[in-house]
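Read through the structure below, which is laid out as structure tokens, and then see the notes.
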Amino acid sequence: ETGVTQSPTHLIKTRGQQVTLRCSSQSGHNTVSWYQQALGQGPQFIFQYYREEENGRGNFPPRFSGLQFPNYSSELNVNALELDDSALYLCASSLDNRGAGEQFFGPGTRLTVL
Amino acid sequence: GNSVTQMEGPVTLSEEAFLTINCTYTATGYPSLFWYVQYPGEGLQLLLKATKADDKGSNKGFEATYRKETTSFHLEKGSVQVSDSAVYFCALTRRDDKIIFGKGTRLHILP
Numbered sequence: 084e085t086g087v088t089q090s091p092t093h094l095i096k097t098r099g100q101q102v103t104l105r106c107s108s109q110s111g112h113n114t115v116s117w118y119q120q121a122l123g124q125g126p127q128f129i130f131q132y133y134r135e136e137e138n139g140r141g142n143f144p145p146r147f148s149g150l151q152f153p154n155y156s157s158e159l160n161v162n163a164l165e166l167d168d169s170a171l172y173l174c175a176s177s178l179d180n181r182g183a184g185e186q187f188f189g190p191g192t193r194l195t196v197l
Numbered sequence: 027g028n029s030v031t032q033m034e035g036p037v038t039l040s041e042e043a044f045l046t047i048n049c050t051y052t053a054t055g056y057p058s059l060f061w062y063v064q065y066p067g068e069g070l071q072l073l074l075k076a077t078k079a080d081d082k083g084s085n086k087g088f089e090a091t092y093r094k095e096t097t098s099f100h101l102e103k104g105s106v107q108v109s110d111s112a113v114y115f116c117a118l119t120r121r122d123d124k125i126i127f128g129k130g131t132r133l134h135i136l137p
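In order, the protein sequences belong to chains A and B.
Once you know that position 53 of the first sequence is 136 in my numbering, the rest is easy, because the numbers rise by one and skip nothing.
Once you know that position 62 of the second sequence is 88 in my numbering, the rest is easy, because the numbers rise by one and skip nothing.
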């Protein structure tokens, strides 16, 4: 059973650019959630995908968007990058979108915006 | 709205000392409560959880009890080790499965 993987591990972009981050969920999991963790802060919920549909969104602007594919892997896209987007982006997978299901986190992608 | 408040760090202890990291929450209804741990250079790992009042979660010598009357979920360990050095996050979730995290507490254990 493979765990949650994310790519790339590190990324450097400049303001105004666009970025795509990728996540492969744990085998058998159909729900993927994305979180942004700024330095010294706890993770903040961006959005969740369940069976390829967005299933909840946090307080992030529309330039943060996502996709989930039939194999339940997922992408996070961020357009018009800003300096404050520099953070660790975490992906978490779980089985079903209900209840206190345990979420399994990937190692994250460290994004630096210059 | 729902929120989690945990004690600020860093917390520095000697090996074999007793650990308490305080966590309180604000939530409507009956959330599930969690402690996650983030070791240096690694992703978040679930340490323990409790899903209803008076439940005690435990793992690797760590314990936390869901106290609804005080809206608390304090993390404790009787004897810490150098390998426990990490950042600890208290968190809650409601039925929508979105996790709300505290800001984290960095723990340093000195040999």
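The beta-carbon is built from N, C-alpha and C at its ideal position, and this holds for glycine as well.
All values derive from a computational prediction rather than experimental measurement.
Determine, for residue i, whether the minimum Cβ-Cβ distance to residues of chain A falls below 9 Å.
{"i": "Ile47 of chain B", "result": "no"}
{"i": "Ala117 of chain B", "result": "yes"}
{"i": "Gly128 of chain B", "result": "yes"}
{"i": "Lys124 of chain B", "result": "yes"}
{"i": "Lys86 of chain B", "result": "no"}
{"i": "Leu72 of chain B", "result": "yes"}
{"i": "Lys75 of chain B", "result": "yes"}
{"i": "Val37 of chain B", "result": "no"}
Using a Cβ-Cβ distance under 9 Å, would residue i count as near chain B?
{"i": "Gln131 of chain A", "result": "yes"}
{"i": "Phe187 of chain A", "result": "yes"}
{"i": "Ala175 of chain A", "result": "yes"}
{"i": "Pro190 of chain A", "result": "yes"}
Pull up the distance between the alpha-carbon of residue i and that of residue j, whole angstroms please.
{"i": "Lys82 of chain B", "j": "Asn162 of chain A", "result": "43 Å"}
{"i": "Tyr132 of chain A", "j": "Pro66 of chain B", "result": "28 Å"}
{"i": "Thr32 of chain A", "j": "Asn138 of chain A", "result": "Since the first residue of chain A shown is 84 and the last is 197, residue 32 of chain A is not available in this structure."}
{"i": "Asp80 of chain B", "j": "Asn28 of chain B", "result": "20 Å"}
{"i": "Pro153 of chain A", "j": "Phe128 of chain A", "result": "23 Å"}
{"i": "Ser90 of chain A", "j": "Lys96 of chain A", "result": "15 Å"}
{"i": "Lys75 of chain B", "j": "Asn48 of chain B", "result": "15 Å"}
Do residue i and residue j have their CB atoms nearer than 9 Å?
{"i": "Gly86 of chain A", "j": "Gly189 of chain A", "result": "yes"}
{"i": "Gly191 of chain A", "j": "Thr92 of chain A", "result": "yes"}
{"i": "Gly130 of chain B", "j": "Gly123 of chain A", "result": "yes"}
Taking 8 Å as the line, does the beta carbon of residue i fall inside it for any heavy atom of the ligand NAD?
{"i": "Pro126 of chain A", "result": "Annotation note on the ligand NAD: not contained in the displayed structure, which lists no ligands."}
Using Cβ-Cβ distances below 7 Å, what residues of the stretch 59-70 of chain B are close to chain A?
Glu68, Gly69 and Leu70
May I ask you to verify whether the stretch 131-149 of chain A touches the stretch 34-49 of chain B, counting CB pairs closer than 8 Å and requiring at least 3?
no
Could you list the residues in the stretch 107-128 of chain A with a C-beta less than 8 Å from some C-beta on chain B, going in chain order?
Thr114, Ser116, Tyr118, Gly123, Gln124, Gly125, Pro126, Gln127 and Phe128
Contact the stretch 168-180 of chain A vs the stretch 96-103 of chain B: 3+ CB pairs below 8 Å:
no
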